[in-house]
Structures are given as structure tokens and as C-alpha cells.
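Same order as they appear, the protein sequences are chains A and B. Numbering follows our numbering, in which position 184 of the first sequence is assigned residue number 184; successive positions increment by one, without gaps. Numbering follows our numbering, in which position 108 of the second sequence is assigned residue number 108; successive positions increment by one, without gaps.
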Amino acid sequence: MIGTIVLLVIIAVLVMFAVGMYNGLVRARNEVGNAWSQIDVQLNRRHDLIPNLVETVKGYMTHERETLEAVVKARQQAVQITGGSIEDKARVENALSQTLKSLFAVSENYPQLRANENFLALQEELASTENKISFSRQYYNDSALRLNNKVEMFPTNIFAAMFNFKKSPFFEVESADIRKPVAVKF
Amino acid sequence: MHELVRANQRRTVILVAFMAFLLMAVGYALAELAVPGAGRVGIVLALLVWGIQAVISYFGGRRILLAMSGARKIEKKDHPILYNIVEEMCVASGTSTVPDIYIIDDDALNAFATGRDPEHSAVAVTAGLLKELDRDELQGVLAHEIAHVRNRDVLYMTMLGVMLMAILILAQIGIRMRFVSGTRTSRSSGSGGGALVIIALLLMIIAPLLARLVYLAVSRRREYLADASGALYTRYPEGLARALEKLGGSRTPMRKASAAVAPMYIVAPLRAAAEKMSVLGSTHPPIGERVRILRSMGGSAGVQSYDQAFRKVTGRPVGVVPFTAMREIADVPVVQPPPLPMATAPFMHVDRVRQTTDILWALNDYIFITCLCETKLKIPPAYRGKKIECPHCKRVHEV
Numbered sequence: 001m002i003g004t005i006v007l008l009v010i011i012a013v014l015v016m017f018a019v020g021m022y023n024g025l026v027r028a029r030n031e032v033g034n035a036w037s038q039i040d041v042q043l044n045r046r047h048d049l050i051p052n053l054v055e056t057v058k059g060y061m062t063h064e065r066e067t068l069e070a071v072v073k074a075r076q077q078a079v080q081i082t083g084g085s086i087e088d089k090a091r092v093e094n095a096l097s098q099t100l101k102s103l104f105a106v107s108e109n110y111p112q113l114r115a116n117e118n119f120l121a122l123q124e125e126l127a128s129t130e131n132k133i134s135f136s137r138q139y140y141n142d143s144a145l146r147l148n149n150k151v152e153m154f155p156t157n158i159f160a161a162m163f164n165f166k167k168s169p170f171f172e173v174e175s176a177d178i179r180k181p182v183a184v185k186f
Numbered sequence: 001m002h003e004l005v006r007a008n009q010r011r012t013v014i015l016v017a018f019m020a021f022l023l024m025a026v027g028y029a030l031a032e033l034a035v036p037g038a039g040r041v042g043i044v045l046a047l048l049v050w051g052i053q054a055v056i057s058y059f060g061g062r063r064i065l066l067a068m069s070g071a072r073k074i075e076k077k078d079h080p081i082l083y084n085i086v087e088e089m090c091v092a093s094g095t096s097t098v099p100d101i102y103i104i105d106d107d108a109l110n111a112f113a114t115g116r117d118p119e120h121s122a123v124a125v126t127a128g129l130l131k132e133l134d135r136d137e138l139q140g141v142l143a144h145e146i147a148h149v150r151n152r153d154v155l156y157m158t159m160l161g162v163m164l165m166a167i168l169i170l171a172q173i174g175i176r177m178r179f180v181s182g183t184r185t186s187r188s189s190g191s192g193g194g195a196l197v198i199i200a201l202l203l204m205i206i207a208p209l210l211a212r213l214v215y216l217a218v219s220r221r222r223e224y225l226a227d228a229s230g231a232l233y234t235r236y237p238e239g240l241a242r243a244l245e246k247l248g249g250s251r252t253p254m255r256k257a258s259a260a261v262a263p264m265y266i267v268a269p270l271r272a273a274a275e276k277m278s279v280l281g282s283t284h285p286p287i288g289e290r291v292r293i294l295r296s297m298g299g300s301a302g303v304q305s306y307d308q309a310f311r312k313v314t315g316r317p318v319g320v321v322p323f324t325a326m327r328e329i330a331d332v333p334v335v336q337p338p339p340l341p342m343a344t345a346p347f348m349h350v351d352r353v354r355q356t357t358d359i360l361w362a363l364n365d366y367i368f369i370t371c372l373c374e375t376k377l378k379i380p381p382a383y384r385g386k387k388i389e390c391p392h393c394k395r396v397h398e399v
């Protein structure tokens, strides 16, 4: 009699642990999905802002056709890639970030742009969207790491294998120019 | 980051249970003092007093707090940069709803968050804060506030605050009742009642003190955790550290602030009162210590490093970040914020002051007319005339 009760209690505790671990895995996976959609929202926002920006600066930056065309082309590629893998998407979006950066860098040479309120507002919007992209990427990578740890580590890995939880790839930045010090030429 | 929220919840349940126990004990003692044998009724009464207050503050707390502090709600067009910073911090913390944003017409440097959960939250910053802080510093402050919302601090501190208030009220009644009708009840309750009465009275004196200490300790802990989360969200502890330094250096007191909601602010709003008390009697840890912890994180922005820095700076053996949170949240390096774009050039100090005053005037229904000589005329809503003359170039404008 007592033996049966003890056995039942042990089974109940084990089941509760299992449910907890399974729910933890589901929660981690949902968080990753959530974080990913947040990146998408911000990337789309950037795609929407760029035509406006190009339209605004076109009249001023008459000598920067190449820079402008590079931005338009990079945006085109980013918009078209909707179905691709996370790695592809990251590559194209990083390229877009680079072209935008050079556009804003050359825009410093056009003092008249500084007086254009529309341009200033757009610049703040794009700078903030850029921040939001990196913050959402940061949140996504944190969530992905948490899920991956759970998928790999004992004891959650047992359930992960049983219910087919997969590791999520990270959204990496290839920002060689941000991390490394600038080479000085004489 | 969910792990930090859940670890907080577990810890809080224990403390709320302790406070509830104190509250019921005081209720019991109060009823026994009034009518011997009526202790159980007292427990019910105590819970009723608490319940009513809790319901009011749960559903109306946000409105009451915002109205009391004289905060004005703003839209994105009023202050795009502030709005963007709040949005950025929501993205960084994984909060899907952007809180309502308020500006308080006050030159003190402070900010607070309110709302029972992220869906019903609001953040408010003072005009002084908008004038004095640069973008990175403002981001640190708002990260701290969003962390309060995200960690559900507002809800817990309100619930604990309400319990503390109920205990204080009941204990006051008990002590006063004793002095008014004391002799009669003790005589009627006989010799065994004497000891009971003394115990009950002691409880009336000790419970409020104990409850206040618990409340303040929880409040301080929540501040440390919000700092740790703020560093994690921004990946830039220095921003918050610099902001706190400026906030600590400011001597301007808040014009409208209430002790009941002090834990929701980023720094103690009633500074003059706070400075007289010891650390134990304050809702916030000393600002200098908070700054030193943020600066001792050694190139990392993770919660583990915050915990290490906390132990190093305070010399306390036990850290402040829950163990489960440290296990689940990976350590991350500090990320330098990108250089400010040209558009944020108006974010230099002089322009910040002008921008902030303009927003406040616009919120107060002033009309702006920009003259051809680039003078900006600001016309108060009380102005009755149809025309107005520019003070510089004497051009006449239609109002």
C-alpha cells in the first residue's frame, strides 16, 4: 500500500518535471519566433522609409548618383528576398545598412540638407530604425541562444530530441568596419 | 529575459505572503484588543481594508499617479526622439506594447514608470531630464523604466505598498484605541488577558516597522535589478551610469511627488527627506553606489557581471540577481552606441532646452508663429487680440 503511494508520488513528480521542461522548450521556441517577427517589422519599416529618403535627397545630391543608386539597388534586393533563409536575409540587409551609412556620410557635405526639416526627420527615423534593427537582432540572438542551450543541454535535450525541437541560427552582423580600428594611411 | 521576470515573481510571492501574515496578525490583535475573542473577525476586516485599497490601486493607480504628478501625454510628433528611444527599449526588452509616454512640467531630473502590466503601462519623464540628458543617457534611464514595467515591479511595489499602508492604518487604530479605552478592556479581560494585551500592543508597534523594512528592502533590490536589466537592454552600462550621475548631482526637488509611489521613480523623488535617513530607510540605493556598480562591470553588459560588480562594490557576500536568471541569460559584451547622426545635432544642450520648452508651451495650447525675420512668436491661449507685432522687425501677424 505505502509502496504504491510512494511510487505514484515519484511518478507524479517526474511527470511534473517533464511538463515543466517541455513547456520551457515551447516558451523558448515561441520567444525566438516572436523575436524574429520583430526583426521583420523593423526591416520592413526601413524598406518603407528609403524611397522617401531618396526622393528628398535627390534634388540636393546631384553629384552622388552612384551612392543613391547603390541604396536603391540594395533595397530592391532586400525587398525581393522575402522567402530566403535567415543567413541570406542577414547578408542582404547588412549590405543595405552599409549603403545607407555611406549615403549619410556623403550627405554631411551638403549643408543645405541640414536646413531641410523633412530630411532631418527622416534621418532621425532611419537612425532609430537602425537602432531598433540591432536591438531586435540582439533580442533575437539572446532568445536563439537560450533555445539552443536547452536543445543541447541535459536534461532538456531528451525532450528536444523527442519532440523535434531544432536549434535556431543566429542573425550575425558582418561589420568588419565597426569592430576593427580604422587603418590610418600616410 | 523571461527568466528574470519569473525569478522575480517567485521571490515576490514569499515576501507578499510574509506581509499578508503581518497584516492578518495586526488585524487579529486589533480585534482582540477591542473585543476579546473577536480575533477572527479582525483578520477578515484587515483583509477587507487591504482588498479595497488593492482593487483601487490595481485599476486606478496609473491614472491617479499620472494625474497627481501633473504629467501630460505626448504623441510621437511632439518629441520623436523620446518616442523613438522608448520604442527602441521595448524592442530590446521584447515588450510588444509601447507604453504611453508622458512629460512632467518640472525642472527636477527624474522619471517613473507605472501600470500593472506591459499592456497598461506608461512612462513619464520630467522636462528637466529632457533638457539635461543626451541621447545615450536618456536611453539608459528609459531602459531602467522599461525594466520596471517588464519585471512587473510596478504591480508588486504597489501591492506591497498597499499592504504596508493597511498595516500602518490598523496599527494606528490599535494604539490609539488602547490609550482611549485601555483600562476598561484590560480589567474586563481578566488576568490572562494582561499578557495577551501586552503581546498585542507590541505587535502593533513592531509590525509596522518590520513591514516598512521589508517594503524598502524589496524596493532597493528592484532598483538594482532594473539597473542590471537596463544595462542588458542597452548593452551600454555607461549611459545609465552617466545619467545617474547627472540625476544625483541635481539639487532641484520634484514639485509634486508622493511617498506612496517613490519606488517607481528612477531616483528617490523626495531627496531632502531621503538624505536624512540611513540607507535602510530609503526606497533607493545610494546613487553613488549604483554608478560604481555599473562602472565595475568590466566591459560586459550581462546580469552575471552586474552581480559580480554588485558584490565587489557593496562587499556583500550574496548578489542581487536571481540564480536562475544568471544561468539562463548569457553574458554579453558592451556595445558602443553608434555616433549620433546629423539629425540629432539639435540634441545639443541649448537646443534641447529650447525644444523641450516649445513642447511644453504647445501642450499648454500656445500658438507659434514664425516671423520672416526668423523670430518665433509664442502666443499664450489667453491672448485675445486679432493681430500681433513682431518685437524685432515690427511686422504685424494675424493670430
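Beta carbons are placed, not taken as given, at the ideal position from N, Cα and C, and that holds for glycine.
What residues in its chain sit with their C-beta under 8 Å from that of Cys-371 (chain B), if we drop five residues either side in the sequence?
Leu-377, Cys-390, His-392, Cys-393, Arg-395, His-397
Would you mind telling me which residues of chain B sit closer than 7 Å to Tyr-22 (chain A), beta carbon to beta carbon, in chain order?
Simply none; closest approach about 16 Å.
Using the beta-carbon count (16 or more within 10 Å), is Gly-3 (chain A) buried or exposed?
exposed
Leaving out the 5 sequence neighbours to the left and right, which residues in its chain are closer than 6 Å to Pro-381 (chain B) when beta-carbon positions are compared?
Asp-365
Would you list the residues sitting across from Ile-388 (chain B) in a DSSP beta bridge?
B:His-397
Using DSSP with H/G/I as helix, E/B as strand and the rest coil, what is Thr-370 (chain B)?
strand
Quick one: what's got a C-beta closer than 6 Å to Leu-142 (chain B)'s C-beta in the same chain, skipping five residues either side?
Ile-85, Val-86, Met-89
Please list the partners that Gly-249 (chain B) has in chain A, where partner means a Cβ-to-Cβ separation under 7 Å.
What Gly-249 (chain B) touches in chain A: nothing, since even the nearest Cβ is about 27 Å away.
With a threshold of 8 Å on Cβ separation, who are the neighbours of Val-54 (chain A) within its own chain once the five nearest residues in sequence on each side are excluded?
Leu-68, Val-71, Val-72
Check the Cβ-Cβ distances between Pro-80 (chain B) and every residue of chain A, and say whether any is below 9 Å.
yes
Return helix, strand or coil for Thr-12 (chain B), following the three-state DSSP convention.
helix
Is the number of C-beta pairs between the segment 321–329 of chain B and the segment 94–108 of chain B that are closer than 8 Å three or more?
no
Can you list the alpha helix (DSSP H) stretches of 4 or more residues lying completely in the segment 79–167 of chain A, in chain order?
86–107, 111–114, 117–152, 156–162
Which of the three DSSP states is assigned to Thr-114 (chain B) in this structure?
strand
CA-to-CA distance, Ser-143 (chain A) to Val-334 (chain B), given in whole angstroms:
18 Å
Under a three-way DSSP split, which group does Ala-171 (chain B) fall into?
helix
DSSP three-state assignment for Arg-152 (chain B), whether helix, strand or coil:
coil
What is the DSSP secondary structure of Val-55 (chain B), reduced to helix, strand or coil?
helix
Can you tell me whether DSSP reads Arg-352 (chain B) as helix, strand or coil?
helix
Hey, how far is the Cα of Lys-386 (chain B) from the Cα of Val-32 (chain A)?
60 Å
Neighbour-count burial assignment, Arg-187 (chain B), 16 or more Cβ in a 10 Å radius
Residue placement at Arg-187 (chain B) cannot be trusted, given a pLDDT of 46 that sits under 50; what the coordinates show is reported in the next sentence. It is exposed - the Cβ of Arg-187 (chain B) has fewer than 16 other Cβ atoms within 10 Å.
Which bits of chain C does Ser-97 (chain A) rub up against, with CB to CB less than 7 Å?
Included in the structure are the protein chains A and B, with no chain C among them.
Do Gly-37 (chain B) and Tyr-28 (chain B) have their C-beta atoms within less than 9 Å of each other?
no
Alpha carbon to alpha carbon, what distance is there between Glu-32 (chain B) and Ile-401 (chain B)?
Nothing about residue 401 (chain B) can be reported from this structure: the residues present for chain B run from 1 to 399 only.
From the DSSP output, which residues share a beta bridge with Pro-333 (chain B)?
B:Ser-300
Would Phe-163 (chain A) and Tyr-60 (chain A) be called neighbours here (beta carbons separated by less than 9 Å)?
no
So, with DSSP's three-state summary, where would you put Ile-199 (chain B)?
helix
Note down, in chain order, each residue of its chain lying with its Cβ closer than 6 Å to the Cβ of Ala-35 (chain A), except the 5 sequence neighbours on either side.
Tyr-139, Tyr-140, Ser-143
For Gly-70 (chain B), I'd like the list of residues in its chain whose CB is within less than 7 Å of its CB, leaving aside the five on either flank, ordered along the chain.
Ile-104, Asp-105, Lys-256
DSSP three-state label for Lys-76 (chain B), please.
coil
Between the CA atoms of Val-313 (chain B) and Leu-164 (chain B) - distance to the nearest angstrom:
31 Å
Residues, ordered as in the chain, of the segment 107–125 of chain A that lie near chain B by beta-carbon distance below 9 Å:
Ser-107, Glu-108, Leu-113, Arg-114, Phe-119, Leu-120, Ala-121, Leu-122, Gln-123, Glu-124, Glu-125
Would you verify that the beta carbon of Asp-177 (chain A) is, or is not, closer than 9 Å to some beta carbon of chain B?
Residue confidence for Asp-177 (chain A) is low, a pLDDT of 41 falling below 50, so the modelled location carries little weight; the figure read from the coordinates is stated next. By this cut-off, Asp-177 (chain A) is not an interface position.
Given Ser-305 (chain B), which residues of its chain have a CB within under 8 Å of its CB, disregarding the five upstream and five downstream residues?
Met-297, Gly-298, Asp-331
If the criterion is Cβ atoms closer than 9 Å, does the pair Ala-171 (chain B) and Ala-226 (chain B) meet it?
no
Nearest candidate by alpha-carbon position, reference Pro-263 (chain B), set B:Val-13, B:Leu-65, B:Leu-4, B:Arg-235
B:Leu-65
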